[in-house]
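Q: Got a structure for you, questions after.
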Amino acid sequence: MDWGMKNRLSRIIRPDTGKALMLAVDHGYFLGPTSGLEDLENTVAPLLPYTDSLMLTRGALRNCINAKFPVPIVLRVSGGNSVLEEDLSHEDLTVDIEDAIRLNASAITMSIYIGSPHQHQTIVNLAKTVDMGEKYGIPVLAVTAVGKEMTRDERYLSLACRIAAETGAHIVKTYYCEDFDKLVKKVPIPVVIAGGKKVTEKDALELAYKAISDGAVGVDMGRNIFQAEAPVAMIQAVRSIVHHGNSVKKALDLYSSLKAKKK
Ligand code: R5P
């Protein structure tokens, strides 16, 4: 791995803990003004000091994020569909590598849809993204998007993550599932988990704890942070699990005390 690639990866996965806390706010690329992100600029600004990196689209980045804040960027480079379409797998690459470089992306990210009608196109697009990333030393985070008809079990998610790794992705983002430790052993690149739909703060912290205990390198959480009752407190609680190994109880106590202090 060359110096630039290693250096960029170390902005995503912190070398001192070997873990990664990523904040995902890229939902608008197919969902539009997602609940909690209507005012993306003001929702995300107070969360930035607590995340290791920020995953979003170039439009959100240019329009809503202060360029002077030194947060590493994980730039979404796939899209081309909307929630109004039945088959969400019909995605393509939507950002030129030169624009990703111009935006100082620390990593680029795109979705693959294993088992969906356009799986071929999305896997080939991942390969192209990896080729571009390798050319300029930019790591690629593959997201295993799951079609409605797919079961989010270890068998399916291992298949999707392993294909991402074999295609050349440097990190893969997937969903937590039962026997997640088995998945991690079958995937030779770092695995981060998505948070998924909003659940209670306790359940979201439990999810983060179980994922880290089972070998995930980190969490790339969106809705369970920005839709929480107290998002700034929530991101600090998640962070305490990812980087400091806090138990769920300790993290929940931290959340409650920060929430009470409105921090
Ligand atoms: C999925 O395709 C996108 O990357 C999502 O924006 C992200 O995975 C969602 O994160 P969460 O499920 O934690 O809201």
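In the working numbering, the protein residues as written are 52 to 314.
Ideal Cβ placement from N, Cα and C applies to all residues, glycine included.
If you're wondering where the values come from, they're calculated on a predicted model, not measured in any experiment.
Just to confirm my understanding: we take residue 139, look at its own chain, exclude 5 residues before and 5 after, and list those with CB closer than 8 Å. What are they?
A: Excluding sequence neighbours, residue 139 sits near 81, 132, 164, 167, 196, 198.
Q: Checking 8 Å against the spacing of the C-beta atoms, do residue 248 and residue 303 come in under that value?
A: Not closer than 8 Å, so no.
Q: What I want to know is whether the C-beta of residue 140 ends up closer than 7 Å to one or more non-hydrogen atoms of ligand 1.
A: Checking every heavy atom of ligand 1 against the Cβ of residue 140, none is found closer than 7 Å.
Q: Is residue 276 near residue 263, with beta carbons less than 8 Å apart?
A: Against a cut-off of 8 Å, the Cβ pair of residue 263 and residue 276 comes out as no contact.
Q: Relative to the C-alpha of residue 310, which candidate in 266, 279, 294 has its C-alpha closest?
A: Nearest of 266, 279, 294 to residue 310, Cα basis: 279.
Q: Just list the residues that DSSP pairs residue 126 with in beta bridges.
A: Beta-bridge pairing links residue 126 to 107, 159.
Q: Pairing CB atoms from the stretch 256-274 with CB atoms from the stretch 55-71, are three or more of them under 8 Å?
A: Counting Cβ pairs under 8 Å, three or more are found: they touch.
Q: Using 10 angstroms around the beta-carbon of residue 142, count the other beta-carbons present and answer buried if the total reaches 16, otherwise exposed.
A: By the 10 Å Cβ count, residue 142 comes out buried.
Q: Out of curiosity, what's the CA-to-CA distance linking residue 207 and residue 157?
A: The straight-line gap from Cα to Cα measures roughly 29 Å.
Q: Can you grab the Cα-Cα spacing for the pair residue 123 / residue 62, in whole Å?
A: Using only the alpha carbons, I get a separation of about 6 Å.
Q: Put residue 244 into one of helix, strand or coil per three-state DSSP.
A: Looking at residue 244 - three-state DSSP - the assignment turns out to be strand.
Q: What are the partner residues of residue 72, as DSSP defines its beta bridges?
A: Looking at the DSSP assignment, residue 72 forms a beta bridge with 270.
Q: Counting only runs that start and end within the stretch 203-254, where is the alpha helix (DSSP H) found for 4 or more residues in a row?
A: Fully enclosed alpha helix (DSSP H) runs of 4 or longer: 205-218, 231-237.
Q: Report the rounded CA-to-CA distance for residue 218 versus residue 241, giving the unit in angstroms.
A: Distance between the alpha carbons of residue 218 and residue 241: 14 Å.
Q: Could you tell me which of 110, 189, 220, 237 sits nearest to residue 148, measuring between CA atoms?
A: Looking at the Cα atoms, 189 is the closest of the given residues.
Q: On the three-state DSSP scale, how would you describe residue 94?
A: It is helical.
Q: Kindly indicate the opening and closing residues of the beta strand (DSSP E) around residue 195.
A: Start and end: 191-195.
Q: Got a sec, what are the start and stop residues for the alpha helix (DSSP H) residue 295 sits in?
A: Here the alpha helix (DSSP H) through residue 295 covers 282-295.
Q: State buried or exposed for residue 246, treating a residue as buried only when at least 16 other CB atoms are found within 10 Å of its CB.
A: By the 10 Å Cβ count, residue 246 comes out buried.
Q: Any heavy atom of ligand 1 closer than 7 Å to the beta-carbon of residue 275?
A: Yes; taking the cut-off as 7 Å, the Cβ of residue 275 has a heavy atom of ligand 1 nearer than that.
Q: Let's test the definition: count the other Cβ atoms within 10 Å of the Cβ of residue 162 and tell me whether it reaches 16, buried, or not, exposed.
A: Result: buried.
Q: For residue 226 and residue 256, I'd like the C-alpha separation in whole angstroms.
A: Each residue's alpha carbon lies about 14 Å from the other.
Q: Does the distance between the C-beta of residue 221 and the nearest non-hydrogen atom of ligand 1 fall short of 7 Å?
A: Residue 221: no, Cβ never under 7 Å from ligand 1.
Q: Kindly examine ligand 1 and report whether one of its heavy atoms sits closer than 7 Å to the Cβ of residue 201.
A: False, no ligand heavy atom lies under 7 Å from that Cβ.
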